[in-house]
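According to mature numbering (1 follows the signal peptide of the UniProt record, and there is no 0), the sequence shown holds residues -21 to -1, 1 to 983 in order.
For reference, the structure is listed below as structure tokens.
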Amino acid sequence: MRTFYRLFFLPFLLTFSIVSAQKSTLYTHDLKDFNTALLLYNDQQYAAAKVIFEQVAKKTNQEEILADCAYYVANCAIRTQQSNADQLVEHFVATYPTSTKRNQAYLEVAHFYFEKNNFPKALFWFDKVEESQLTQKELDKFNFEKGYSYYNARKKKEAIKYLNTVVNTPEYGAQAKYYLGFMAYEGDDYKAATKYFDEVSGEEKYKEKLSYFQADMNFKLGNFQKAIDLGLKAMGQSNEMEVSELNKIIGESYFNLKNYEKAIPYLSEYKGKKGKWSNTDFYQLGYAYYQQKQYENAIAQFNKIIGGNDFVAQNAYYHLGESYLDLGQKTQALHAFKNASEMDFNAELQEDARLNYAKLSYEIGNSYESVPSILMAFLEKYPRNANVSEVEKLLIDSYISSKNYKEALVLLERNKTAENKVVYQKVLFYSGIEAVTAGDYTTANKLFNRAINESKDPTITARATFWKAESDFVLEDYSSALVSFKQFASLPSATTTSEFKNSNYNLGYASFKLKEYEQAATYFQKQIDDNKEDKKRLADAYLRLADCRFVGSKYWPAIDNYVKAIELKSVDADYAYFQKAICYGFLAKNDKKIAELTAFLDRFATSIYRDDVLFELGNTYVADKKDELAIKTYNQLITEFPEGTLTSKALLRQGLVYYNDDKNDLALSKFKKIAADFPKTPEALEAVSSARLIYVDSGKVNEYATWVRTLSFVSVTDVELDNDSYEAAEKQWQQGNTKQAIAGWNAYLTSFPNGIHALKTNFQLAQAYYNDGATGKSLSHFDYVVQQSRSEYTEQSLVRLAQIHLKDNRSEHAIPALLRLETESDVAQNKIFAMANLMKLYYETKEYSKAVVYAEKVLAEPKTEEMVKSDAQIIVARSAIQVGDEAKAKSSYAKLLPIAKGELAAEALYYDAYFKNKDGKFEASNEAVQKLAKNYSSYRYLGAKGLVVMASNFYGLKDSFQATYILESVIKNFAEYKDVVATAQSELNKIKAEEAKTNSSIIK
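Shown next, in the form of structure tokens:
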């Protein structure tokens, strides 16, 4: 019901009758003071009069005078609003029950309170009045005032009773009809209201007010044009609040007459109830704009409808969706149609909204539920919809486009129609690709096999064959990889795939791993001939082709290909340069070899092959009998790499050079240093043997025996038994008898725990256990190797130890092994492996600063693979988030975005949206969230977080509907993520509290 503003009549001046005392009494008694008080009372000087009346009452014992004084004292108290006035009146009535002023006292008190608009007190005293004692004039006034007091007390039944008694009186009739009409108007009895209002329409003082009420009544009766005419007429005669209501009446009348253009200015000027609009108010103005194709204005109104759940809200959300579509704002349209589709007040509209929601979900993605399930739900609910065939096609395509392969497989396995089998093969294939991205090659291999077995789409079959081969290769099943790569290359449809251009490259590597070097060389040459655009892969193909030629002793072709790899700036240019030098040595061109090795040292100061180059250079000097240069070169190696794997070998070579030059003392010093610093190594054993020759030649066998007894790893008396025991086990291994070899090695270590071959035996035994899957048994043997002086077995043992501890989640053991591997590794990939896992472990153990250090080391390493670089960037970014360094996190996620795949890409997109939101770039942030929804819907947690950011964006864009709808949807659809739901609920509460200030329909 509309608010109205009542017309209050001007209060009537009430005069109290003054009853004169009998003349005889006045003349008999001295009533000078009484008369003085009476004059003051009549002059409205009530306080002064009250004082004198009270004094007179104290001096007289005349009953009549006392009664009059009590009467006037009570009346003065009422008029001066004293707190005990009511009690004084009651006292008067109780003390002088026979006083002629009793009824008059009640009436006058009631009139007084009525004049003061204190209607509850007026009614209290009116109820005490004896109506039968009143004159007709007094009775008319009594009935009107009591009726009006009831009206103000909202007791319409009683008000109507009393006002009806005076409708025909000249003094009160017009007022009574006005209020009777107004009560009929309030009660929606417009016929009675019109009758009363028509009867007083000639009265000037009611004329202005009646136009408003008549306009409203005609509107409610559906007489819209008449309501408009009356409303326009009343505009100039109404106050500000009435003008607001008239704007609403006129605007809504035009709206109902479908004259939307004229409705807009009036609906816009409405001020609302107590400054607030309802959802209906927003809908009407929004719909009027919609009909005028002013979609931005329509959206501005529709999106203020929050929490609506009725016919109006459903219509509003549907037309809001259409408005968004007309402006190309598809994400917003998706939410609006979803909301409309969930209401069943209009079944036809609901069906159309559901269709639009399904189509948009397919087109732009959906973070709340999988697109296939949305499309399937539509088909199940509306099997006779005219768009069924179109939706069925979208359903088939959606399995691929949504990239939610896991759920797609479930749905497809449930609906194995002939048409779906083609899609089923694709989903199997893409699921395998997703597993590859996640590094789960075992699962990927199984999925690719299943895809191949379906054989519905030749292109997918070919691609699955290729990736099955790729996963076989990573799993080190090179034979199967080679077979599958060959199968792929032979398939006619393979030539149309992106994988085909590198098929020879993959065939080459598989053959290379199987040591089929001639075949590998053929494939690498084909790769070089057919694909010269990919410079990185081209350089690697030249390098591997060179290796194949090198293994086949074709040194000139090897050199040519190493040079081409170097010219292409291969990441392994240092390796190619080193190998080129080695080739010259095999070609008996030691001068050229020495020149190349020397040039290498100048060109590659930090290469991991530097110690190899120094060692080879020293050896070449020895071969050329340039002993001084050889000794100098070995010294350089020993100085630069004091704990390197070649240091003991360099010392041994120096000792042998001295021995061959008859510098026995210098030779012995080198041999003894090896035995002391590198015990149990093969070099130590050879050093002892060489030293023995020097001692025997010089006749100092006793000195030799004395020295040897100080060495824990050599027992002079048991040497032959030691060798025999070791060789027996080694023979079993060479014959492929793994179990017998393991038993033999264990027997050897039992008999010779510190024997000559203890180091190698522990390593071989550890490797055998590891390859057999008994990693627990291998641990102690790998540990033994790494606890000894550095040897050729140290690096591989550290790798295995790290792998075992990482697999078993023993970070406290994995970290020390990885730290050593990082510093001691000679193989670049092992070093990267160590750094990459250290960064992950430090992150997992919340040592974020260390995690960042290692992540940056990984990123700085040129040979790091792109997938590992993604991991490094994410570690830097996540660590920065954990320590509150958002600037660094923002930079890291930005670098990650172009290279990341799978979940990492989803996370990078989320933070792209997050930081754009913080920068106030709301539309750009929403685009990032939409990409997240479209391409990575399977990562629900990140999708949910992205939606909360999107809600914030929309609120920043003044779109309250989108903001609240998204937050409510997050709360409804992502209950498993309590942290996200808590954030969404908090944000929703804030928005609703703010919007409730201007929208009366919102329930906080």
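All residues carry an ideal CB built from backbone N, CA and C; glycine is no exception.
- Looking only at A885, A356, Y239, I353, the smallest Cα-Cα distance to A417 is reached by A885.
- For the 8 angstroms CB-CB criterion, I57 and A64 form a contact.
- Scanning its chain for C-beta atoms nearer than 6 angstroms, with the 5 sequence neighbours on each side dropped, one finds around A720 the residues A708, Q711, W712, in chain order.
- It is roughly 30 angstroms from the alpha-carbon of Y637 to the alpha-carbon of S586.
- Here Y420 is not near S377, since their CB atoms are 8 angstroms or more apart.
- Under the three-state reduction of DSSP output, N978 falls in the strand class.
- CA-CA distance, C562 to T624, rounds to 23 angstroms.
- Distances from the CA of E87 to each of Y75, N54, E771 were compared; the closest alpha carbon is that of N54.
- Collapsing the DSSP output to three states places K156 in a helix.
- In the DSSP assignment, Y521 falls within the unbroken alpha helix (DSSP H) covering 514 to 530.
- By the criterion of at least three beta-carbon pairs nearer than 8 angstroms, the segment 331 to 349 is in contact with the segment 360 to 372.
- In this structure, E348 lies away from Y384, with their beta-carbon atoms at least 8 angstroms apart.
- In the DSSP assignment, M322 falls outside any alpha helix (DSSP H) and carries neither an H nor an E.
- The beta carbon of N483 sits closer than 6 angstroms to those of Y502, K505, Q506, all from its chain and outside the five residues before and after it, given in chain order.
- Within the same chain, Cβ atoms closer than 8 angstroms to the Cβ of K628 are found at F594, E662, the five residues on either side in sequence being excluded.
- R919 and L926 have their alpha carbons spaced roughly 10 angstroms apart.
- In the structure shown, K756 adopts helical secondary structure according to DSSP, grouped into three states.
- Straight through space, the alpha carbons of I139 and N21 are spaced by roughly 35 angstroms.
- One thing to note: L304 has its Cβ within 8 angstroms of the Cβ of A312.
- K825 sits in coil when the DSSP states are folded into three classes, being neither helix nor strand.
- In this structure F565 touches Y534 by the C-beta definition: roughly 5 angstroms separates them, less than 8 angstroms.
- The beta-bridge partner set that DSSP reports for K252 consists of K255.
- Counting along the chain, A923 sits inside the alpha helix (DSSP H) bounded by residues 919 to 935.
- Sorting Q808, R769, S776, Q766 by C-alpha distance to the C-alpha of S757 places S776 at the top.
- In the three-state scheme derived from DSSP, where H, G and I count as helix and E and B as strand, I860 is classed as helix.
- Taking all protein chains shown into account, V831 has 16 or more neighbouring C-beta atoms within 10 Å of its C-beta and is therefore buried.
- Cβ-Cβ distances below 6 angstroms link K227 to Y249 in the same chain, with the five nearest sequence neighbours on each side left out; the list follows chain order.
- A residue is called buried once 16 or more other Cβ atoms fall within 10 Å of its Cβ, and Q743 is buried on that count.
- A807 carries a helical assignment under DSSP once its states are collapsed to helix, strand and coil.
- Residue environment analysis places D167 among the exposed positions, since fewer than 16 neighbouring C-beta atoms fall within 10 angstroms of its C-beta.
- With respect to Y175, F192 sits apart: the two C-beta atoms are not nearer than 8 angstroms.
- About 6 angstroms separates the beta carbon of L630 from that of K652, a gap short enough to meet the 8 angstroms contact definition.
- Excluding its 5 nearest sequence neighbours in each direction, Y872 has C-beta neighbours in its own chain below 6 angstroms: A856, A887, Y890, listed in chain order.
- A residue is called buried when at least 16 other Cβ atoms come within 10 angstroms of its Cβ; E845 does not meet this threshold and is exposed.
- In this structure, P351 sits away from A397, with a CB-CB distance that is not shorter than 8 angstroms.
- From the listed residues K11, Y141, Y554, G597, the smallest Cα separation to D570 is found for G597.
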